[in-house]
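Inspection log for the structure reproduced underneath, given as structure tokens.
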Amino acid sequence: MENEVAPIIPKVRENVKPWITLFPPSFQGHGCPGLSATAYAICISEVARVDASIASFCLVQSCLAMLCIAQLGSEAQKDKYLLSLSKLHKVCAYAMTEPDYGSDASSLNTVARKVPGGWVLNGRKRWPGNSSFADVLVVLARNTSTNQVNGFIVNGGSPGLKISKIENKVSMRMVQNCDIELENVFVSDDDRLPGANSFQDLVNLLAFSRVMAAWVSIGIAEGVYDACQRYLGDRKQFGVPLAAFQLNQEKLVRMLGNIQAMWLLRWRLCKLHSSSKMTIGQASLGKAWITKQARETVALGRELLGGNGIVTDFHIGKAFCDMETVYTYEGSYEVNALIVAREITSISSIRPTSRL
Ligand SMILES: Cc1cc2nc3c(=O)[nH]c(=O)nc-3n(C[C@H](O)[C@H](O)[C@H](O)COP(=O)(O)OP(=O)(O)OC[C@H]3O[C@@H](n4cnc5c(N)ncnc54)[C@H](O)[C@@H]3O)c2cc1C
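Just so we're aligned, residue 0 is where the sequence shown starts under numbering that gives the first Met the number 0, counting upward by one.
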């Protein structure tokens with residue numbers, strides 16, 4: 000269980016070419032074929048059907064960090080980074096959230112100070128996946144002159160960068176999430192993302208990654224459904240397969256209904272995104288509602304396996320724990336629900352009006 004992604008990468012490179020989920024969706028050029036959002040989504044959910052950690056590794060690499068460079072980077076930055084990242088010759092991470100700014104990420108406190116020839120970054124990050132072995136990290140930091148959030152491409156071996164793996168996770172154990180300290184980390188002018196001049200510039204990208212994160216939860220739910228179907232056919236109690244009991248059948252049906260509804264909503268969102276019609280609220284509605292349904296689906300699967308639902312040997316115990324992360328990352332259920340509420344009521348209740 001305590002596997003790590005790093006040793007697997009050379010095998011992936013050798014055996015699975017091209018590994019399609021490593022291409023940022025919709026982006027063409029620099030080694031990337033310009034997959035449609037729907038094609039990418041189906042790939043990522045199929046990976047998650049087997050293992051949500053690998054799917055999350057891909058999501059961070061292609062959908063967050065690479066897409067950020069592809070959409071907000073200069074031509075020179077795309078030339079320099081995207082080809083090697085798309086071939087998995089290099090690994091990247093996306094460092095936005097901080098110990099004191101998780102849901103409230105737009106208030107992030109890592110600072111970037113202008114110096115001759117570049118920028119000096121100071122601050123802390125918490126959670127960025129892949130970062131312990133990333134060659135490059137896309138780091139969001141507040142420009143001390145403008146007070147706006149900017150984006151920087153930081154070399155994984157930069158002096159002043161201290162990265163420590165978060166130990167003892169019970170979910171997504173294969174993904175290496177880290178605490179990061181930046182102490183006077185120098186980034187040259189060439190590695191500041193010219194398209195990231197405020198948090199607002201990142202909002203569409205974050206909305207899109209929410210759509211894809213929800214596809215991860217659909218994949219998890221599908222994997223659990225597959226495993227339950229097999230298990231209920233094989234295991235007998237009271238002399239008949241577990242699949243013969245009506246109560247178990249109803250749970251299977253509820254799981255299947257959830258999966259179909261989740262699939263249709265996500266598919267619709269991909270289509271809206273492809274025609275540039277998806278709103279931020281729609282993306283958040285998908286993330287919130289789908290992860291909630293997926294969580295229920297996976298919990299039903301856990302019930303159906305009885306005691307074997309809580310051990311890792313039958314796939315479902317692990318999927319159950321992994322689902323908890325997807326419910327929270329890319330914006331928690333609650334925060335996404337409030338983003339939807341803001342869009343439909345024109346009243347934001349995300350930020351309290353008075354401080355305690
Ligand atoms: C496994 C994993 C991988 C991750 N990968 C990355 C990554 O690659 N890069 C990165 O930058 N970040 C990453 N994250 C961070 C992730 O985005 C945050 O964990 C998430 O946004 C929630 O922030 P938090 O954990 O600080 O929770 P908090 O913000 O402390 O929230 C705690 C609880 O309070 C609720 N809450 C907070 N604010 C409100 C509000 N206004 N109204 C109602 N309820 C509220 C939340 O919904 C939650 O239930 C990852 C996290 C995990 C667990």
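Every residue gets a Cβ at the ideal spot worked out from N, C-alpha and C, and that includes glycine.
Exposure label - residue i; buried when at least 16 CB within 10 Å
i, result
"D192", "According to the sequence shown, residue 192 is Leu rather than Asp. Label assigned to L192: buried."
"H88", "exposed"
"R229", "exposed"
"G28", "exposed"
"E97", "buried"
"R265", "buried"
"A220", "buried"
"K250", "buried"
"K235", "exposed"
"L241", "buried"
"L246", "exposed"
"A75", "exposed"
"V339", "buried"
"S175", "Here residue 175 turns out to be Gln, not Ser, going by the sequence shown. Buried, since its Cβ has 16 or more Cβ neighbours within 10 Å."
"D99", "exposed"
"F26", "buried"
"F319", "buried"
"D357", "Because residue 357 is not part of the residues shown, which for the chain are 0 to 355, the question remains open."
Cutoff 7 Å; reference residue i; Cβ partners in own chain excluding five residues on either side
i, result
"W268", "One detail in the question is off: residue 268 reads as Leu in this sequence, not Trp. V210, M277, Q281, A282, G285, listed in sequence order."
"C177", "P127, S130, S131, I162, S163, K164, I165"
"G155", "A133, D134, V135, L136"
"E323", "S170"
"P23", "C31, S61, C62, M65, L66, A69"
"G150", "C67, L71, V137, L139, L192, A195"
Per DSSP, the bridge partner or partners of residue i
i, result
"V253", "Contrary to the premise, residue 253 reads as Arg rather than Val in this sequence. According to DSSP, which records beta bridges pairwise, R253 is partnered with nothing at all."
"N149", "A140"
"D134", "Per DSSP, none; premise fails for D134."
"R112", "V119"
"S187", "G117"
"I346", "Partner(s): none; I346 has no beta bridge."
"V239", "Q236"
"K161", "E180"
"L192", "G150"
"R125", "D178"
"Y100", "E97"
"C91", "V135"
"Q27", "P32"
Same chain only: Cβ atoms within 8 Å of residue i, ignoring 5 sequence neighbours per side
i, result
"V215", "I43, S44, A47, A51, A54, S55, L58, V325"
"S208", "L58, C62, L63, L66, E329"
"L204", "L63, L66, C67, Q70, L71"
"I217", "S44, A47, I258, M261, W262, R265, I289, A293"
"A188", "The displayed chain sequence assigns Asp, not Ala, to residue 188. Around D188: G116, G117, W118."
"Q248", "A242"
Inter-residue CB distance, residue i and residue j (contact presumed, cutoff 8 Å)
i, j, result
"A104", "G122", "About 13 Å; that fails the 8 Å criterion."
"E342", "I258", "26 Å between Cβ atoms; not a contact."
"V334", "I349", "7 Å"
"V223", "G101", "That belief does not hold up - the Cβ atoms of V223 and G101 are roughly 27 Å apart, past 8 Å."
"L336", "A298", "For the record, residue 336 in the displayed sequence is Ala; it is not Leu. Not confirmed; about 19 Å, so no contact."
"A36", "S274", "The pair is not a contact, with the Cβ atoms about 10 Å apart (cut-off 8 Å)."
"V186", "V148", "15 Å between Cβ atoms; not a contact."
"I315", "A226", "6 Å"
"T145", "V110", "Wrong, their Cβ atoms sit about 11 Å apart, outside the cutoff."
"I41", "A94", "In fact, because the Cβ distance is near 28 Å, the residues do not count as touching under 8 Å."
"L201", "L303", "Rounded, the Cβ-Cβ distance is 40 Å, inconsistent with contact."
Contacting residues, own chain, Cβ-Cβ under 6 Å from residue i (five flanking each side not counted)
i, result
"G159", "E182, N183, V184"
"S157", "V184"
"L84", "M65, C91"
"K307", "Note on residue identity: the sequence assigns Asn, not Lys, to residue 307. Counting only Cβ-Cβ distances below 6 Å, and skipping sequence neighbours, we find F313."
"Y80", "I68"
"G256", "none"
"V310", "G316"
"K124", "A94, E97, I179"
Interface flag, residue i vs chain D, CB-CB below 9 Å
i, result
"I279", "Among the chains in the structure shown there is no chain D, since it carries only a single protein chain."
Three CB pairs or more closer than 8 Å across the segment 108 to 124 and the segment 66 to 73: Short answer: they don't touch.
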